[in-house]
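If you read the sequence shown in numbering that gives the first Met the number 0, its first letter stands for residue 0, the second for the next number, and so on.
Let me begin by presenting the structure, written as structure tokens, before commenting on it.
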Amino acid sequence: MDLKSEPNVGKLGNGRFINRELSWLDFASRVLDLAEDESVPLLERAKFLAIFSDGLDEFFQVRVAGLKDQLAAGVRSLSPDGLSVREQLQAVREKVECLVSRVDGIYNEVLVPSLFEAGINLLNWGELSDEDIAYLRQVFDSTVFPVLTPLAVDPSHPFPYISNLSLNLLARVTDPVTAVSRFARVKVPPILPRFVALPGGVRFIPLEQLIWAHLDKLFPEMKIGAHFVFRVSRNADLTLEEEEADDLLAFVEMELRRRRFGRAVRLEFQGTPDPDVAALLVKELRLHPDDVYVVNSALDLNGLWNVYEIMRADLHDPDWIPVTPASFGGSDPTAVNIFAILRHGDVLLHHPYESFSATVERFIEQAASDPSVLAIKQTLYRTSGDSRIVASLIKAAESGKQVAALVEVKARFDEQANIGWARALEEAGVHVVYGLAGLKTHLKAVLVVRHEEDGSTLRYCHLGTGNYNSKTARSYEDIGLLTASPEFGADLSEVFNLLTGFSKRVDYQKLILAPGRLRSKILELISEQARLGEEGRIFIKVNGLIDPEIIDALYAASREGARIELVIRSICCLRPQVDGLSENIRVKSIVGRFLEHSRIFVFGDTRAVDCKIFVGSADLMQRNLDRRIEALFPIEDSRLRERVVEVVNLDLADDSSSWWLTENGDWVKTPGTSATRAQDRLKELALERAAPIRRQARRLWFRNGISR
């Protein structure tokens, strides 16, 4: 069906799409909703402010920077929703100003007073006692002063370079003899805590206030005038034309150095600045007045992570310790033979409800230490700083196993860390590949080749929706599959040959890969449900839905009567519930304690045998479908399908952590009647499934305790 030729669609035109950038800002607004939510523990609300701050920084460094690049290049093409680059930048500014105003209110009127009532004080310098001031003077002299470098701005000192996201003070300094005034800039050291703790660890003062209270020590014998706190955001998106690079690793390192000098895209002031100061910075940073934002709370609230770490159980969510899946049997995961388990059947993993450490990390550790394992191959997109997985790969290589790792050095904002891990792996003898030219490898996969006792060779696999990162695995919701399926093993062997060598294979037995077949397969599956009319059923859960072709296909299916349920965590450019276009499409977003990160695709009635269920790494965005190595994999075992359907049904039933997207593009949080919170119920189910193991562990602990 040519959707664009339909009369109702033609009338809407570009209006059938929601702007991508504005949709992300709507997601940021939902994060702020949690910072305002009185049912959320207080320090968790501080955490959500920090998450918002970090996300908005990245938005300016990448998305706004991209729009500014287009503007500078004279790009005239419109976004799918029909806005010019300049119109998008103006709309972004208007929405960001509203968000900044909300943050000011949350921080000044809610968070700080509420923390005070709870015994945690975010203080200003004027609120300190003499005893506090004496203590902080010692902190300044011993810790802060030695690392400060005041930089004068005068004819002999050109305007200093302002690094990306650094916090800065600009002070007017006057020579009392000559009466000549100059500006001086002091960079707030990013290596020091954003909020300085006073004795007791529950009272804090912003670091910049400690510095400005001691400016006389930085400029002795000078008269200190007005001072201002500001911060600059720069273009931090790498421009990678790696097809022209002989050495991709060296090329990325060069681009990382260049990132430090990216074009300025945002200037933030804490409080209303002196007009001369604002004009000076706008001129020197080559910005437009519309790039200036005035913040009346503290700048860089990402620093609230320091406050979040306070050990107050009553102000945090209850501790959640991921359980060991029952399928792994026994009270001691280290004693379990994972290969034997997988020979008996596939295992579905659901993090963070089930342990990443006791399953995925243990799988790779066991492969590294098992003398029967011949080879390990793995993709690494993002990993943690203390990665047990990298240590296992190094151990395997040092023991003589064939080990190959595809380390994606182009993973945004993790490039430097990944380069470090890549070099450590190479030094240990691991065959390291840095990705394919022009594509990012976003696929999450491990392949283990093992010589079995009967003389055969089996391949064991892990496929997942999340990164091999033990830290995020405790807070990101993801699904993984452990399997010894010969078909999956054969497919992954072919995929790793593609990644490390030369291959043009497109079709696989089980896997559906991008950029080859994934887009066309999803369109085909949507079309199948469209042909079923009112019997058609589609469920899709992804982080972002942006691709216009996929959106138009969903509109076409809706027009044929198919029922479509979409759970989109962040960006959604589809407009639901529009008469004659999408009245059969509902869109919701779940934002809660854990970051909803899994990608699930269900085509057909979940009660029917022929229902097709896929899980994978890909979001429905042009970059994922066309410019990344991604994979969807089917869930075919009836036991595992029930688990996925359980997640689907709970996500649809959730009415406590959900926002619904309306036809006019607004997100509405509707009070539910059942008070269903999917994440809480999934924790309960994980505990119920693990109960036999937990009882066995308690019995062993009791018996061993008695014997001692």
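For each residue, glycine too, the CB sits at the ideal point set by N, CA and C.
For D289, the closest of E267, G515 and W304 by C-alpha to C-alpha distance is E267. For K611, the three-state secondary structure derived from DSSP is strand. For I340, the enclosing alpha helix (DSSP H) begins and ends at I337 to H343. Inter-segment contact for the segment 185-193 and the segment 161-177 is present: three or more beta-carbon pairs are separated by less than 8 Å. In the DSSP assignment, H226 forms a beta bridge with A170. Each of I418, L379 and G419 was checked against the Cα of A403, and the nearest Cα belongs to L379. In its chain, beyond the 5 residues on either side, T378, Y380, L405, E407, G434, L498, R627 and I628 have a beta carbon closer than 8 Å to the beta carbon of T440. Per DSSP, the beta-bridge partners of W659 are K587 and V667. Separation of the CB atoms of K400 and V372 is rounded to 6 Å, and the pair is thereby assigned contact status at 8 Å. Judged by DSSP in its simplified three-state form, L303 adopts helix.
For P547 and P79, the gap between their C-alpha atoms comes out near 7 Å. Listed in chain order, the beta strand (DSSP E) elements of length 3 or more contained wholly in the segment 342-383 are 346-350 and 372-379. Annotation: the segment 108-144 contains no complete segment of the beta strand (DSSP E) (minimum length 3 residues). Fully enclosed beta strand (DSSP E) runs of no fewer than 3 residues occupy 444-450, 456-463 and 475-482 of the segment 439-501, in order along the chain. In the assembly as shown, S128 is an exposed residue. Its beta-carbon has fewer than 16 other beta-carbons within 10 Å. Within a 10 Å sphere around the beta-carbon of L209 sit 16 or more other beta-carbons, which makes this residue buried.
In the three-state reduction of the DSSP assignment, C97 falls in the helix class, which pools H, G and I.
D636 is positioned such that its CB atom lies no closer than 8 Å to that of V566.
The shortest C-alpha to C-alpha distance from S469 to any of R361, R44, I132 and D140 is the one to R361. Here the alpha carbons of E93 and G65 stand approximately 18 Å from one another.
Within the DSSP secondary-structure output, K67 pairs in no beta bridge. Note on G199: under 16 other CB atoms within 10 angstroms of its CB, so exposed under the neighbour-count rule.
Just so you know, the alpha carbons of L214 and V291 end up roughly 25 Å apart.
Around the beta carbon of T669, fewer than 16 other beta carbons sit within 10 angstroms, so the residue counts as exposed. By the CB criterion at 8 Å, I375 and L392 fall inside the cutoff.
If you draw a straight line from the Cα of I340 to the Cα of E451, it comes to about 14 Å. Inclusion of S52 and N301 in the CB contact set at 8 Å is warranted, their separation being smaller than that value. In this structure the segment 343-363 touches the segment 461-475; the number of beta carbon pairs closer than 8 Å is three or more. For A45, the closest alpha carbon among the candidates E308, A178, R688 and I17 is that of E308. In this structure D665 is exposed. Its beta-carbon is surrounded by fewer than 16 other beta-carbon atoms within 10 angstroms. Scanning G261, F227, V30 and H226 for the CA closest to the CA of D236 turns up G261. Closest in C-alpha terms to I570, from the list D32, K587 and G579, comes K587. With a cut-off of 8 Å on Cβ pairs, the segment 190-197 is in contact with the segment 132-142, counting three or more such pairs.
In chain order, T142, V143, V146 and L206 place their CB closer than 8 Å to the CB of L191, counting only its own chain and leaving out the 5 sequence neighbours on each side.
The segment 573-585 and the segment 511-524 do not touch, with fewer than 3 CB-CB distances between them shorter than 8 Å. Put simply, of R504, F338 and G344 the residue whose alpha carbon is nearest the alpha carbon of T456 is F338.
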